[in-house]
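Each remark here refers to the structure printed beneath this line.
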Amino acid sequence: MNENEIKYIKDIYSKSKMKSEPYCCPRCGYQTIQKQNMRYHLKIMKRICPTAIRDLVLTDEIKETVLRERLYHPPVNPSITQTINNIHMMNNFIASMDPISKLKHITEHHNIELVDFETRVEKLYKRDVHRFITDGFRRDVVYNKEHFMDMVSDITSSGSEISDMNIVYDSNTDHVHFAVGEEWELRRSQPAILFLVETLVLYNLSFYEIYLIRKLVSGRCVQLEECLTMYYHFIGCFNIQPYVFEKNDSMVLFNESDIGYSDTSDKSDIEAHRIVDKYNSMYLRIRNTLTDADRRSASKEVIDILKSNHKLNISQLNKHILEVLRVDEGFKTRMISNL
Ligand SMILES: [Zn+2]
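Numbering (our numbering) for the sequence shown: 3 to 341.
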């Protein structure tokens, strides 16, 4: 075969190959092997085809290219590739940084202060506590175990607020950092779990306990007794004492007229003693029925919630950092220089 023959065969081959390839609209993906159909689609058809493939204005040049070459490949914009690479690099850079120094940088940048963990929990339940004390709820409040775990989730999730990012879990060491005042306090995971639940009890659930007992004292209600059982079961898993354990303190609440119900206000000290003793032994009875498996599973549930919220919190934090990094060169320099 000479050169011309080779060329001829190649031409035939490529033509036959091309023939089987359809014309393709780069905007909507419409395909046809008939050139006239594509001509109709691109030039005559009145309605504009949908941007199913890409948002592209079909210029005359593009239309001619499609009719000539069957396909049109838009040029790749190098600046977009560059930007994607940069974002990818930045994300890697952000992910490699320690969360606490990230928090330090971002709070300094926005000139905000972290809300201390306990302060945030207190604020979160302030309204509920007031209503527990004054019986200000329209309906009976009945919590079950899911509610308690939801609360654990509420206090360990910072949402999108930077100022609420006051818990950081370190999976390498299995330690939890809590923002306390201006400092970070470090706890191993087990004491951290206890601290979380204790904080919840201190700023919310102990008032729920008082509320339940007052309701129970003023009239029998099976459902509320079940609620108290569930609550004692929950705190029993963490060996947290009920409110009625602190005898002297709790007696005041079951005596005091201005914060209690009218029918408990004139109860004698003896009556208050009786109430406190009764519910304290109810707690002890429930706690004694708990098995190690109960305690382990309660702890595991709390730490699992903490861990999954930590992931969400960190991804929020990274988003905040990325936003600033993209627009503020000075911020970038400061972060890099502090590595
Ligand atoms: Zn089209």
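Glycine included, each C-beta is placed from N, C-alpha and C at the ideal position.
The model shown is predicted, which means the values in this text are computed figures rather than measured ones.
Query, Result
"Sequence-distant residues of the same chain with beta carbon closer than 8 Å to P76, five excluded per side", "P28, R56 and L58"
"Status (buried if at least 16 other CB within 10 Å, exposed otherwise) for M40", "buried"
"Span separating the alpha-carbon of S103 from that of N315", "15 Å"
"8 Å Cβ cutoff met for C26 and R70", "no"
"Y281: first and last residue of the uninterrupted alpha helix (DSSP H) it sits in", "D271 to T291"
"R336 vs H107 beta-carbon contact at 8 Å", "yes"
"Residue span of the alpha helix (DSSP H) that contains R297, given as start and end", "D294 to V329"
"Cut-off 7 Å between Cβ atoms - residues of its own chain near M167, not counting five sequence neighbours on either side", "L105, L116, S160, N315 and L319"
"Ligand 1 heavy atom lying under 7 Å from the CB of H43", "yes"
"Which residues DSSP lists as bridging E187, in chain order", "F180"
"Backbone secondary structure at Q33 - three-state DSSP", "strand"
"Same chain only: Cβ atoms within 7 Å of Y171, ignoring 5 sequence neighbours per side", "V178, L308, K309 and H312"
"Beta-bridge pairing of I157 - partner residues as DSSP gives them", "The partner list for I157 (beta bridge, DSSP) is empty, contrary to what the question assumes."
"heavy atom of ligand 2 below 7 Å from Y32 C-beta", "For ligand 2, the structure offers nothing, since it holds only ligand 1."
"P209 versus P193 - alpha carbon distance", "The amino acid occupying residue 209 in the given sequence is Phe; Pro does not appear at that position. Going from the Cα of F209 to the Cα of P193 covers about 23 Å."
"The stretch 274-290 touching the stretch 135-143, judged by at least three CB pairs closer than 8 Å", "no"
"Cβ shell of M99 (< 6 Å), same chain only, five flanking positions each side left out", "none"
"Coarse secondary structure for D130, derived from DSSP in three states", "helix"
"Entirely enclosed alpha helix (DSSP H) segments - the stretch 94-125, minimum 4 residues", "101-112"
"Cβ-Cβ distance between I157 and L198 below 8 Å", "yes"
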